[in-house]
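As you go down the protein sequences, you meet chains B and X in turn.
Numbering-wise, the first sequence is residues 135 to 215 according to my numbering.
Numbering-wise, the second sequence is residues 663 to 769 according to my numbering.
All C-beta atoms, glycine included, are put in the ideal place defined by N, C-alpha and C.
As the structure is a prediction and not an experimental result, all values here were calculated from the model.
Worksheet: the structure to be examined is printed underneath.
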Amino acid sequence: MKIEILGTGCPKCKKLYELTNEAVKESGIQAEIIKVEKITDIMNYGVMMTPALVVDGVVKTAGKIPSKAEITNLITTKPVK
Amino acid sequence: MSNCCGESAWLIYPCSGSADLGAHISGFVESAKNAQNIAIDGCQVGCVTKIFEHHGIPVHSYVLTEMGLVKGKTPVTPEVVNKMAEAIMVDTTRKANKGKGSCSCGC
Chain B
135 MKIEILGTGC PKCKKLYELT NEAVKESGIQ AEIIKVEKIT DIMNYGVMMT PALVVDGVVK
195 TAGKIPSKAE ITNLITTKPV K
Chain X
663 MSNCCGESAW LIYPCSGSAD LGAHISGFVE SAKNAQNIAI DGCQVGCVTK IFEHHGIPVH
723 SYVLTEMGLV KGKTPVTPEV VNKMAEAIMV DTTRKANKGK GSCSCGC
């Protein structure tokens, strides 16, 4: 699983990165967590508000810091196809 | 893009500017969920407003033909654009401030 944290380096973006790290560790899933800080890369996702959480290329949240429980839910729930 | 960490950013969607939402592009959808949204529809067909309804995302809706413009006839001049922008701004500000009286009684 590839998780990307979109944000230009503000405190909220850092907080989301921390919470996501904790959620990944606690849920025991295998995931690569990447910070995306370049504004043009962030815009490529259509995100207009940061911080944003992207899981396997799909934006799951934008413009808020979800709780750790929400993050865990977002990274452990398989998308409906 | 709004300011980083901005609380309750305002996002504006004209007819042609809402295709990304209609296409369910996740970044745009998630951004709209956490913003105050303004839909500016050119006519009463209301495509932008319907896209928001489809997503279940609240929106402040404006239809230009209900605000005095005539589709295909009203010229696009700076005066007309400014008049519409001002009317929308005044109304959204009024709605945003509703219940925020300065008397601190919650009226």
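Are the C-beta of residue i and some C-beta of chain X separated by less than 8 angstroms?
{"i": "Tyr-151 (chain B)", "result": "no"}
{"i": "Met-135 (chain B)", "result": "no"}
{"i": "Lys-84 (chain B)", "result": "Nothing about residue 84 (chain B) can be read from this structure; chain B reaches only from 135 to 215."}
{"i": "Lys-172 (chain B)", "result": "no"}
{"i": "Ala-186 (chain B)", "result": "yes"}
{"i": "Val-181 (chain B)", "result": "yes"}
{"i": "Glu-204 (chain B)", "result": "no"}
{"i": "Lys-198 (chain B)", "result": "yes"}
Quick check on residue i: buried or exposed, where buried means 16 or more other Cβ atoms within 10 Å of its Cβ?
{"i": "Val-732 (chain X)", "result": "exposed"}
{"i": "Pro-720 (chain X)", "result": "exposed"}
{"i": "Ala-685 (chain X)", "result": "exposed"}
{"i": "Thr-711 (chain X)", "result": "buried"}
{"i": "Cys-765 (chain X)", "result": "In this prediction, Cys-765 (chain X) has a pLDDT of 46, which is less than 50 and means its spatial position is unreliable; what the coordinates show is noted afterwards. With fewer than 16 Cβ atoms within 10 Å of its Cβ, Cys-765 (chain X) is classed as exposed."}
{"i": "Ile-176 (chain B)", "result": "buried"}
Tell me which same chain residues have a C-beta within less than 6 angstroms of the C-beta of residue i, skipping the five on either side of it?
{"i": "Gly-704 (chain X)", "result": "Cys-677 and Leu-726"}
{"i": "Gln-698 (chain X)", "result": "Ser-670 and Trp-672"}
Kindly indicate if chain A contains any beta-carbon less than 8 angstroms away from that of residue i.
{"i": "Lys-148 (chain B)", "result": "The question asks about chain A, but that chain is absent: this structure's protein chains are B and X."}
Contact criterion: CB-CB distance below 8 angstroms. Does residue i meet it with respect to chain B?
{"i": "Phe-690 (chain X)", "result": "yes"}
{"i": "Ser-693 (chain X)", "result": "yes"}
{"i": "Asn-699 (chain X)", "result": "no"}
{"i": "Cys-767 (chain X)", "result": "Caution is warranted here: a pLDDT of 44 is assigned to Cys-767 (chain X), below 50, making its placement in the model unreliable, and no coordinate value can be reported."}
{"i": "Ala-671 (chain X)", "result": "yes"}
{"i": "Ile-713 (chain X)", "result": "no"}
{"i": "Asn-759 (chain X)", "result": "no"}
{"i": "Ile-719 (chain X)", "result": "no"}
{"i": "Ile-674 (chain X)", "result": "no"}
{"i": "Ile-702 (chain X)", "result": "no"}
{"i": "Asn-696 (chain X)", "result": "yes"}
{"i": "Ile-687 (chain X)", "result": "yes"}
Output needed for residue i: all residues of its chain with C-beta closer than 8 angstroms, excluding positions within five of it in sequence on either side, in chain order.
{"i": "Gln-706 (chain X)", "result": "Val-725, Thr-727 and Glu-728"}
{"i": "Asn-665 (chain X)", "result": "In this prediction, Asn-665 (chain X) has a pLDDT of 49, which is less than 50 and means its spatial position is unreliable; what the coordinates show is noted afterwards. Taken in chain order, the residues that qualify are Ala-671."}
{"i": "Leu-208 (chain B)", "result": "Leu-187, Val-189, Lys-194, Thr-195 and Pro-200"}
For residue i, collect the residues of the same chain with a Cβ closer than 7 angstroms to its Cβ; drop the 5 residues on either side in sequence, then sort them by chain order.
{"i": "Thr-754 (chain X)", "result": "Ile-700 and His-722"}
{"i": "Lys-202 (chain B)", "result": "Leu-153, Glu-156 and Ala-157"}
Could you give the C-beta distance for residue i and residue j, rounded to a whole number, given that I count them as a contact under 8 angstroms?
{"i": "Leu-683 (chain X)", "j": "Met-182 (chain B)", "result": "About 11 angstroms; that fails the 8 angstroms criterion."}
{"i": "Val-170 (chain B)", "j": "Glu-204 (chain B)", "result": "Rounded, the Cβ-Cβ distance is 20 angstroms, inconsistent with contact."}
(request) Return the chain-ordered ranges of every beta strand (DSSP E) run that is complete within the stretch 677–721 of chain X and spans a minimum of 3 residues. (result) 698–703
(request) Let me know the alpha helix (DSSP H) ranges lying completely inside the stretch 159–212 of chain B, each 4 residues or longer, listed in chain order. (result) 173–177 and 202–210
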